[in-house]
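Trainee: Numbering (this note's numbering), first residue to last: 30 to 107.
Supplied in structure tokens, the structure appears directly below.
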Amino acid sequence: MADTRATVTCSDCDRRETFDELAAARSFIETHRAETGHEATWELHRLDAGVERAGREAGVCGRPECTTEDSPLYLGDE
């Protein structure tokens, strides 16, 4: 059985869907937006360790305490 990787929620129509694959969740969001004009959001439950590490090193969370400034992935204050 696959793990749930993402939950998509639309507060405009109280819709909530879970997905085992991120691509399916992203496709649902795009289709829902095109069909309804609603901006659904997603919560990611699990990412591969390399993706989490790259995001952390790049500083995508925006908090200095979880950024690796000497990483080649670091984006700085750009």
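Cβ coordinates follow ideal geometry from the N, Cα and C atoms, glycine included.
These numbers come from a predicted model, not from an experiment.
Assign residue 69 to one of three DSSP states: helix, strand, or coil.
Mentor: If DSSP states are grouped into helix, strand and coil, residue 69 belongs with coil.
Trainee: Would you say residue 52 lies against chain B (beta-carbon separation less than 8 Å)?
Mentor: Of the chains in the structure shown, none is chain B; there is only one protein chain.
Trainee: Specify whether the region 66–73 and the region 38–57 touch according to this definition: at least 3 beta carbon pairs, one from each stretch, less than 8 Å apart.
Mentor: With a cut-off of 8 Å, the region 38–57 and the region 66–73 count as touching, because enough Cβ pairs lie within range.
Trainee: Here's the rule I'm using: 16 or more other beta-carbon atoms within 10 Å means buried, otherwise exposed. How should residue 79 be labelled?
Mentor: Counting Cβ neighbours within 10 Å, residue 79 comes out exposed, since fewer than 16 surround it.
Trainee: What are the boundary residues of the beta strand (DSSP E) that residue 47 is part of?
Mentor: Per DSSP, residue 47 belongs to the beta strand (DSSP E) from 44–48.
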